[in-house]
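Take a look at the structure below.
Residue numbers (this note's numbering): 259 to 469.
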């Protein structure tokens, strides 16, 4: 009980974010400037108009990576832009993990499970390595985790506030933009909510807007 009153949600989030980021620094340095593979070469070729831009890969992700590569071009070193991209992506991963753990505290999840989740996030080598990869799955996973927490908050609160609606809609849209599976997730949730007549005012509207 003391733990839940010791830290505010915001304080716990920033403390966990900082600690998790520290644990991920060795992996970033070992992989520097990051793992450039999977579909990234094709996407970068599309961004620089060396290949036809299609929706086979998420256009939002293609443009995001391309912008960072363009920043690297200013220093006459594309690797510099990619290094900045992977560093910020790693921070996005740790922020999403910290955000979800802070949400567990907010919803009174037993402390043992919060600690277990924090240790798993801090010491999972697969998660650390993949956080600095160019694959689109990483940012998709980040936004999906943020969306899942936003949905959890929305459903838990009797009277959701404006921020709950905004977060649910924005993160839902980002899930759709960064991988086509996100569109199916939003559609499935929307259909389920309509069929079950989930009694949360505005839920279906938020999902429909995100979709």
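Cβ coordinates follow ideal geometry from the N, Cα and C atoms, glycine included. Quick caveat, the model's predicted, so the values are computed rather than measured.
Counting only residues of its own chain and dropping the five nearest sequence neighbours on each side, residue 410 has a CB closer than 8 Å to the CB of 361, 365.
For residue 405, the CB contacts under 6 Å within the same chain, skipping 5 residues up- and downstream, are 429, 430, 433 in chain order.
Residue 448 is a Cβ neighbour of residue 465, given a cutoff of 8 Å. Between residue 354 and residue 413, the CB-CB gap reaches or exceeds 8 Å. For a cut-off of 8 Å, the C-beta gap from residue 316 to residue 445 is around 17 Å, too long to register as a contact. It is roughly 29 Å from the alpha-carbon of residue 459 to the alpha-carbon of residue 368. Distance from the Cα of residue 340 is smallest, within the candidate group 363, 295, 416, 330, for 330. Sorting 265, 469, 463 by C-alpha distance to the C-alpha of residue 363 places 265 at the top. For the pair of segments examined, the segment 414-428 was found not to touch the segment 376-387: the number of CB pairs separated by less than 8 Å stays below three. Residue state for residue 266 is assigned as coil, using DSSP reduced to three classes. Residue pairing by DSSP places residue 451 in no beta bridge whatsoever. Listed as beta-bridge partners of residue 391 by DSSP are 293. Under the Cβ criterion (8 Å, minimum of three pairs), the segment 317-328 does not count as touching the segment 379-391.
Non-local C-beta neighbours of residue 358 in its own chain, meaning closer than 7 Å and more than five positions away in sequence, comprise 403, 407, ordered along the chain. Judged by DSSP in its simplified three-state form, residue 315 adopts coil rather than helix or strand.
When the Cα atoms are used, residue 302 and residue 288 turn out to be separated by approximately 23 Å. In the DSSP assignment, residue 352 falls within the alpha helix (DSSP H) that extends over 336-364. Look at residue 298 here: in three-state DSSP terms it is helix.
In this structure, the CA atom of residue 469 is about 30 Å from the CA atom of residue 272. Cβ-Cβ distances below 7 Å link residue 397 to 319, 347, 350, 436 in the same chain, with the five nearest sequence neighbours on each side left out; the list follows chain order.
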